[in-house]
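Asker: Taking this note's numbering as reference, the numbering of the sequence shown is continuous, increasing by one, and the terminal residue is 373.
Where is the CB? At the ideal position from N, CA and C, for every residue including glycine.
Next up is a structure, given as C-alpha cells.
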Amino acid sequence: RSEKVIRRAVLVGGAALAIAALAASPLQAQSKFAFEGTFGYTGLGGDYGKVLSGGWVAEFNIDYHLRSFRYGIGYEVGSLDAEEPFEHESVSKVGAHLYATYLLPLGGKIRPFITGRLGSLRLRPEGETFAPEVEPLSEEDETDEEGENPAPRVDGFEAAVVGGVEFAVSSRFAFDVSGLFSTMRTDEVDLTPIGLGKVDKGTSWSVRVAARWRP
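Here it is in C-alpha cells:
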C-alpha cells in the first residue's frame, strides 16, 4: 500500500513538473491566444444620458493574434446609476461582442492600438420600483423566488471604437489603458416609475484598464 502511495506521489510530482516545464517553454510563450480582463468607469450621452448618469463596467475577452491584428470575442457586465434624485436606482447591462484590434507596428514594449467592435446588449432596470403592476399571487401560485428581479428586460445592439496603449511586462503578461466610445440602440427602457420617461438610444464613453495573459 505504501508503495502505491509513493508511486502516485511520483506520478503527480512528475506531471506537475512537466506542466511547469511546458508553461515556461518558449513554444508556449508564443501562443497566439490570449485572455484579457477589463474594468472601467462609463458615462452616458444622448437620450440615455438624460436619465442615467453612469457606473462601472467589466469585460472578459478571448482573442487570437495574427500579424498586427487580434480577432476576438468578449462578454460585458455593468451597472448604470439613475440621475439624481433617483441615484439609488440602477439599470444593469450585459452584452456579448466581436472585435478586431489593430496594433501599430512601432515595436518595443509600448504598443498603441485601435479596436472596432459590434455586439448585442441587454438592459434591465433593477429593483421592485420598476416591476410591472400585476395581480397578487396566492401562496399556491407563487412562482417568483426571493431576490428575483421582476422588471422587464430590453435588448439591443452596440457599436464601439476603442483606442489605447498596451504595455508589455513580459512575453506572457501585459496591461493597457484605453478609452471607448459607443453608440447604442435598444427597445424602450421604461423608467417612468421614477419619473424619467422612456429611452431607446444613446451613446456611452468609458475609461478602462485591462490585464492581458497569453498562455
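#1: Near Gly337, which residues of its chain fall below 8 Å by C-beta distance, leaving aside the five closest residues on each side in sequence?
#2: CB-CB under 6 Å to Arg269, same chain, minus the five flanking residues each way: which ones, in chain order?
#3: How should Ser226 be labelled, buried or exposed, when 16 other C-beta atoms within 10 angstroms of its C-beta is the threshold for buried?
#4: Using beta-carbon positions only, say whether Arg370 and Glu194 come within less than 8 Å of one another.
#5: Determine whether the beta carbon atoms of Glu346 and Gly253 lie at a separation below 8 Å.
#6: Please state the DSSP three-state secondary structure of Lys267.
#7: Can the beta-carbon of Thr196 be found closer than 8 Å to that of Ala368?
#8: Note the first and the last residue of the continuous alpha helix (DSSP H) segment covering Val327.
#9: Does the separation of the CB atoms of Ala192 and Arg372 fall below 8 Å?
#10: Would you tell me roughly how many angstroms separate the C-alpha atoms of Val327 and Thr344, rounded to the nearest one?
#11: Does DSSP put Lys208 in a helix, a strand or coil?
#12: So if DSSP puts His223 in a beta bridge, which residue, or which two residues, is it bridged to?
#13: Buried or exposed, going by whether 16 or more other CB atoms sit within 10 Å of the CB of His246?
#14: Where DSSP assigns a beta bridge to Asp348, which residues make up the other side?
#15: Please confirm whether Gly212 and Ser248 have their CB atoms less than 8 Å apart.
#16: For Asp358, which residues of its own chain have a beta-carbon under 6 Å away from its beta-carbon, when the five flanking residues on both sides are left out?
#17: Does the beta-carbon distance from Gly207 to Gly360 come in below 8 Å?
#18: Is Trp371 helix, strand or coil when you go by DSSP?
#19: What residues in its chain sit with their C-beta under 6 Å from that of Phe339, if we drop five residues either side in the sequence?
#20: According to DSSP, simplified to helix, strand and coil, what is His246?
Answerer: On the basis of the coordinates in this document:
#1: Val320, Gly321, Gly322, Trp363, Ser364, Val365 and Arg366
#2: Leu261 and Glu324
#3: exposed
#4: yes
#5: no
#6: coil
#7: yes
#8: No alpha helix (DSSP H) contains Val327, which DSSP labels as neither H nor E.
#9: yes
#10: 39 Å
#11: helix
#12: Arg228
#13: exposed
#14: Lys356
#15: no
#16: Thr344 and Glu346
#17: yes
#18: strand
#19: Val319 and Trp363
#20: coil
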